[in-house]
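Trainee: For the protein sequence lines, the chains are A and B, in the order given.
All residue numbers for the first sequence refer to the numbering used here, where the first residue is 720 and numbers rise by one.
All residue numbers for the second sequence refer to the numbering used here, where the first residue is 6 and numbers rise by one.
Sharing a structure with you now.
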Amino acid sequence: MKPFSYARANDRADATSQAADDATFIAGGTNLLDLMKLEVMAPDRLVDINRLDLDAISETEDGGLRIGALVSNSDCAAHVRVRQVYPVLSRAILAGASGQLRNKATTGGNLCQRTRCYYFYDTAMPCNKREPGSGCQALQGFNRIHAILGASDSCIATYPGDMAVAMTALDAAVEIESAAGEVRLVPVRDFHRLPGDHPEKDNILEAGDLITAVILPPPVKGRQIYRKVRDRASYAFALCSMAAVVEMDGDRIASAALAFGGLAHKPWRDEAVEALLVGEKPSAALFGRAADQLLAEARGYGSNDFKIALTRRVLIAVLTEATQEGAAA
Amino acid sequence: METTELTVNGKRHELEADSRVTLLDALRNHLGLTGTKKGCDHGQCGACTVIVEGRRINSCLTLACMHDGDEITTIEGLGEPGNLSDLQAAFVAHDGFQCGYCTPGQICSATAMIEEAKAGWPSFVSDDLAGPDALSDEEISERMSGNLCRCAAYPNIVNAIRQVAGGKS
């Protein structure tokens, strides 16, 4: 690890002003310290935000939930109301990492975790995300875990997380406080970016911005499912994951919110797919058309070609389960 | 240099160390508590698992200076020869190891994991998010997936944990 100075933030204003002055926040640190040991990231200054008062889950006025940025993944997944009303979020969090990591990882930190692209982690290799302009070795290299949607010639890395995929399907929003003290809400689906020509920028946070909470909207109707496909049974990142919130009206689909992980630089949501399903009777043909729509622009890069067929099957399996008769509301 | 007060296994220590020192290195190299092991040093193997403020964490992925005032339990604090914890005794009785390198992390992890299950926390394999009534072998394996054993003593590790957790096989 390269040397750095360490300071504990006394309050939010202290934290954001230090971050605006080029310091890096550390919360759980489970990803940041890993990257600092490898010198993929080498901040000069760390600001420890763990003692800030951001570790509570509370109900919002409209019946939703406000999850403080420092709430651990374990506490969020185990929270009684999350389990009862937003089961897709509990399931997604429990599908990620290990018990030890979930105890330390935070809600805000999880949103900010970096890609697990092998070339991003290997400082001997070019990587436009780590070192802008140096090139992308994944394009012609080992790219089993890489993106099939929304990638660019600069970067085909994926956002690796599970939690944000469920939050995207739930239409959650990220609460952000700037160094000027202004608070804004950004939908989770707009929080992460596509790589374009600037893959070094994972998300829309600006210098000095502090994530203070994630806001879940009031409970939604319908069945919630999180399906994750990975290379081993536990403790592995998704090759493809899917969060679904699907409501039936009799024998027709009343609404569908679908988000996908492991496919792109951000949790992927395609409203055209959802629009195609609403008002229709579930059928293999309908789900096949939904997969066609989702994957119309999909592109494989060699080792990840299988993800296109895999995603089609995951989509069809999850929609079949979500719409079958007797599906719990 | 950072000054950090740590309470480890009930004993207070004042640590004077570089900001880069992980909790794992502080325990082993500064406080001489070498029961906690360094495996991968990247949070993938679980050999460094300790219990901080009642929660199991990877001590390699946290800085010592972030834990000023915290209470930490390591394998040395769970029991010692002649006065083993239930899990330590069960690992011996069930031969839950071969080389033993991952064992301190396995036992610290399992100690806290049993408390998580008692608190009703569900896991990825729980059918019902209300949490399981008892820890099946599948539940134990999933909840212990953050602890690798390169000797693959997994069947006996699960047997040892099941005995203490009182689960069904």
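Positions of the beta carbon are idealized from the N, C-alpha and C atoms, including for glycine.
Would you mind giving the Cβ-Cβ distance between residue 165 of chain B and residue 83 of chain B, rounded to the nearest angstrom? I have them listed as a contact below 8 Å.
Mentor: Numbered from 1 along the second sequence, position 160 holds the residue referred to as residue 165 of chain B. Numbered from 1 along the second sequence, position 78 holds the residue referred to as residue 83 of chain B. No, residue 165 of chain B and residue 83 of chain B are not in contact; Cβ-Cβ is about 14 Å, not under 8 Å.
Trainee: Using a C-beta to C-beta distance shorter than 7 Å, which residues of chain B count as neighbours of residue 822 of chain A?
Mentor: On the first sequence, position 103 is the one that residue 822 of chain A refers to. Within chain B, the residues near residue 822 of chain A are 60, 61, 62.
Trainee: Alpha carbon to alpha carbon, how far is residue 150 of chain B from residue 955 of chain A?
Mentor: Numbered from its first residue, the second sequence carries residue 150 of chain B at position 145. Numbered from its first residue, the first sequence carries residue 955 of chain A at position 236. Looking at the two C-alpha atoms, the distance is approximately 10 Å.
Trainee: When you compare the CB positions of residue 766 of chain A and residue 734 of chain A, do they come within less than 8 Å of one another, or not?
Mentor: Taking the first sequence and counting its residues from 1, the one referred to as residue 766 of chain A is at position 47. Taking the first sequence and counting its residues from 1, the one referred to as residue 734 of chain A is at position 15. Result yes, Cβ atoms of residue 766 of chain A and residue 734 of chain A sit closer than 8 Å.
Trainee: What is the rounded straight-line gap between the Cα of residue 748 of chain A and the Cα of residue 755 of chain A?
Mentor: Residue mapping note: residue 748 of chain A aligns to position 29 of the first sequence, counting from 1. Residue mapping note: residue 755 of chain A aligns to position 36 of the first sequence, counting from 1. Rounded to whole angstroms, residue 748 of chain A to residue 755 of chain A spans 10 Å at the Cα level.
Trainee: Going by DSSP, what residue range makes up the beta strand (DSSP E) through residue 63 of chain B?
Mentor: Against the second sequence, residue 63 of chain B aligns to sequence position 58. Its beta strand (DSSP E) spans residues 60 to 63.
Trainee: Looking only at its own chain, which residues have a Cβ that is under 7 Å from the Cβ of residue 783 of chain A, when we skip the five neighbours before and after it?
Mentor: Reading the first sequence from its first residue, position 64 is the one you call residue 783 of chain A. These residues qualify, in order along the chain: 934, 935, 936, 937.
Trainee: Along the region 142 to 167 of chain B, where does the CB come closer than 7 Å to a CB of chain A? Name the residues.
Mentor: Under the 7 Å Cβ criterion, the region 142 to 167 of chain B contributes 147, 148, 150, 151.
Trainee: Which residue's Cα is closest to the Cα of residue 877 of chain A: A:918, A:904, A:1012?
Mentor: The count along the first sequence starts at 1 and reaches residue 877 of chain A at position 158. For residue 877 of chain A, the nearest C-alpha among the options comes from A:918.
Trainee: Residue range of the alpha helix (DSSP H) that residue 16 of chain B falls in?
Mentor: Numbered from its first residue, the second sequence carries residue 16 of chain B at position 11. That residue, residue 16 of chain B, is in no alpha helix (DSSP H); its beta strand (DSSP E) goes 16 to 22.
Trainee: Within the 8 Å Cβ cut-off, does residue 178 of chain B reach chain A?
Mentor: It is not possible to answer for residue 178 of chain B, since the shown part of chain B is limited to 6 through 174.
Trainee: Please check if any C-beta of chain B sits within less than 8 Å of the C-beta of residue 1087 of chain A.
Mentor: An answer regarding residue 1087 of chain A cannot be provided, because it is not within the stretch 720 to 1048 covered by chain A.
Trainee: Would you give the residue range spanned by the alpha helix (DSSP H) that residue 964 of chain A belongs to?
Mentor: Within the first sequence, numbered from 1, the residue matching residue 964 of chain A stands at position 245. It is not in any alpha helix (DSSP H) - residue 964 of chain A instead sits in the beta strand (DSSP E) that spans 959 to 968.
Trainee: Figure out for me which residue from A:940, A:816, A:836, A:1035 has the closest Cα to the Cα of residue 863 of chain A.
Mentor: As a working mapping, residue 863 of chain A is identified with position 144 in the first sequence. Considering only alpha carbons, the answer is A:836.
Trainee: Quick one: which chain B residues come within Cβ less than 7 Å of residue 954 of chain A?
Mentor: Taking the first sequence and counting its residues from 1, one reaches residue 954 of chain A at position 235. In chain order: 150, 151.
Trainee: Taking Cβ-Cβ distances below 7 Å as the criterion, which residues of the region 801 to 814 of chain A are in contact with chain B?
Mentor: Result list: 802, 806, 809, 813, 814.
Trainee: Name the chain A residues whose beta carbon is nearer than 9 Å to that of residue 70 of chain B?
Mentor: Stepping through the second sequence from its first residue, residue 70 of chain B is reached at position 65. Ordered by position in chain A, the residues that pass the 9 Å Cβ test against residue 70 of chain B are 725, 727, 767.
Trainee: Please report how far the alpha carbon of residue 1041 of chain A lies from the alpha carbon of residue 103 of chain B, in whole angstroms.
Mentor: Start at 1 with the first residue of the first sequence, and residue 1041 of chain A comes out as number 322. Start at 1 with the first residue of the second sequence, and residue 103 of chain B comes out as number 98. Straight-line Cα distance between these residues: approximately 45 Å.
Trainee: Bridge partners of residue 791 of chain A, per DSSP?
Mentor: In the first sequence, counting from the first residue as 1, residue 791 of chain A sits at position 72. Paired residues: A:825.
Trainee: Using the beta-carbon of each residue, which ones in chain A are nearer than 8 Å to residue 51 of chain B?
Mentor: Taking the first residue of the second sequence as position 1, residue 51 of chain B is located at position 46. In chain order: 817, 819.
Trainee: State the DSSP-derived secondary structure class of residue 809 of chain A, mapped to helix, strand or coil.
Mentor: Translated into the one-based positions of the first sequence, residue 809 of chain A becomes position 90. Looking at residue 809 of chain A - three-state DSSP - the assignment turns out to be helix.
Trainee: Nearest by alpha-carbon distance to residue 773 of chain A: which of A:929, A:1017, A:1007 is it?
Mentor: Start at 1 with the first residue of the first sequence, and residue 773 of chain A comes out as number 54. Among A:929, A:1017, A:1007, the Cα nearest to that of residue 773 of chain A is on A:929.
Trainee: Label residue 156 of chain B either buried or exposed according to how many other C-beta atoms from any shown protein chain fall within 10 Å of its C-beta, with 16 as the threshold for buried.
Mentor: One-based indexing of the second sequence puts residue 156 of chain B at position 151. Counting Cβ neighbours within 10 Å, residue 156 of chain B comes out exposed, since fewer than 16 surround it.
Trainee: Taking residue 7 of chain B as part of the beta strand (DSSP E), name the residues at either end of that continuous run.
Mentor: Counting from 1 along the second sequence, the entry for residue 7 of chain B is found at position 2. Taken as a continuous stretch (DSSP letters only), the beta strand (DSSP E) holding residue 7 of chain B covers 7 to 13.
Trainee: Just mark residue 750 of chain A as buried or exposed, buried being the case when its beta carbon has 16 or more other beta carbons within 10 Å.
Mentor: Along the first sequence, one-based indexing puts residue 750 of chain A at 31. Residue 750 of chain A comes out buried.
Trainee: Which term fits residue 1025 of chain A, buried or exposed, when burial requires 16 or more other beta carbons within 10 angstroms of its beta carbon?
Mentor: Position 306 of the first sequence, counted from the first residue, corresponds to residue 1025 of chain A. The residue in question, residue 1025 of chain A, is exposed, as its Cβ has fewer than 16 Cβ neighbours within 10 Å.
Trainee: Might you give, ordered along the chain, the residues of its own chain that have their beta carbon closer than 8 Å to the beta carbon of residue 741 of chain A, omitting 5 neighbours on each side?
Mentor: As a working note, residue 741 of chain A is residue 22 in the first sequence. Around residue 741 of chain A: 763, 764, 926.
Trainee: So within the region 860 to 920 of chain A, which uninterrupted beta strand (DSSP E) runs reach at least 3 residues, ignoring any that extend past its ends?
Mentor: Entirely contained in the region 860 to 920 of chain A, the beta strand (DSSP E) runs reaching 3 residues are, in chain order, 892 to 896, 902 to 906.
Trainee: With burial defined as no fewer than 16 other Cβ atoms inside 10 Å of the residue's Cβ, what is the status of residue 806 of chain A: buried or exposed?
Mentor: Taking the first residue of the first sequence as 1, we reach residue 806 of chain A at position 87. By the neighbour-count rule (16 or more Cβ atoms within 10 Å), residue 806 of chain A is buried.
Trainee: Report the neighbours of residue 25 of chain B on chain A: residues whose CB is nearer than 8 Å to its CB, in chain order.
Mentor: Here residue 25 of chain B is taken as the residue at index 20 of the second sequence, counted from 1. Simply 720, 722, 723.
Trainee: What residues from chain B crowd round residue 756 of chain A, counting only those whose CB sits closer than 8 Å?
Mentor: For the purposes of this step, residue 756 of chain A is taken as the residue at position 37 of the first sequence. Residues of chain B passing the Cβ test: 46, 47.
Trainee: Mark residue 914 of chain A as exposed unless 16 or more other C-beta atoms lie within 10 angstroms of its C-beta, in which case mark it buried.
Mentor: Here residue 914 of chain A refers to the residue found at position 195 of the first sequence. When all chains shown are included, residue 914 of chain A counts as buried.
Trainee: Does the beta-carbon of residue 777 of chain A have 16 or more other beta-carbons within 10 angstroms, so that it is buried, or is it exposed?
Mentor: Taking the first residue of the first sequence as position 1, residue 777 of chain A is located at position 58. Exposed.
Trainee: Run down chain B in chain order and give the residues with a C-beta less than 9 Å from the C-beta of residue 749 of chain A.
Mentor: Here residue 749 of chain A refers to the residue found at position 30 when the first sequence is read from its first residue. Near residue 749 of chain A (Cβ distances below 9 Å), the residues of chain B are 48, 62, 63, 66, 67.
Trainee: Nearest to residue 817 of chain A by alpha carbon, out of B:88, B:89, B:128?
Mentor: Working through the first sequence from its first residue, we reach residue 817 of chain A at position 98. Closest by alpha carbon: B:128.
Trainee: Compare the C-beta of residue 127 of chain B with all C-beta atoms of chain A and state if any pair is closer than 8 Å.
Mentor: Within the second sequence, residue 127 of chain B is the residue found at index 122, counting from 1. Closer than 8 Å to some Cβ of chain A, the Cβ of residue 127 of chain B qualifies, so yes.
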